[in-house]
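Single-structure report; data block below.
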Amino acid sequence: MHVVADLGKYRDAMAWIAEMNAASRNLGLPEATAWSPISGDFNYIILETEYADLATFDASQTKFQSDPQAMAVFRRGRDWGSHSHWPKDEVLTSAATIA
10 MHVVADLGKY RDAMAWIAEM NAASRNLGLP EATAWSPISG DFNYIILETE
60 YADLATFDAS QTKFQSDPQA MAVFRRGRDW GSHSHWPKDE VLTSAATIA
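Heads up, the sequence shown is in my numbering, so the first residue is 10 and it goes up one at a time.
Structural data, given as structure tokens:
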């Protein structure tokens with residue numbers, strides 16, 4: 010997930026990420042690693058979570074989104090998120106070697 014913290018709210022964003030990881034841990038789901046680019050957009054954060062396959066990703070998303078407490082934490086992201094940037098998801102797979 011790509012997110013941008015509003016100016017003065019980066020620390021709040023990092024606290025939210027810790028809460029999101031706690032919610033995931035409570036559900037037995039993988040936790041995200043937070044990455045911050047060295048250059049580019051200010052206060053930009055990339056949350057990376059690894060899954061074995063797309064079926065596991067889908068099951069994890071469904072489990073998290075079906076849990077009221079986890080979703081309450083997720084929705085608190087609007088408290089610190091930049092109103093000029095919408096969060097976005099991105100699913101990557103390793104590039105295949107083709108014949």
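Note that CB positions come from ideal geometry on N, CA and C, so glycine has one too. Please read all numbers here as calculations on a predicted model, not as lab measurements.
Next item on the list: Within 10 angstroms of the Cβ of N35, are there 16 or more other Cβ atoms? Answer buried if so, exposed if not.
Entry: The residue is exposed, with fewer than 16 neighbouring Cβ atoms inside 10 Å.
Item checked: Three-state secondary structure (DSSP) of G90 -> It is a strand residue.
Check: Secondary structure at A105, three-state DSSP: helix, strand or coil?
Finding: Looking at A105 - three-state DSSP - the assignment turns out to be coil, as it is neither helix nor strand.
Check: Where does the unbroken beta strand (DSSP E) through A43 begin, and where does it stop?
Finding: Taken as a continuous stretch (DSSP letters only), the beta strand (DSSP E) holding A43 covers 42-44.
Item checked: Pick from I55, S93, N30 that is closest to E99, judged by C-alpha positions -> That would be I55, whose Cα lies nearest to the Cα of E99.
Check: Cα separation between D76 and H94?
Finding: Each residue's Cα considered, the two are about 26 Å apart.
Notebook entry, point to check: Any contact of the region 28-43 with the region 69-86, i.e. 3+ C-beta pairs under 8 Å?
Noted result: They touch, by the three-pair rule.
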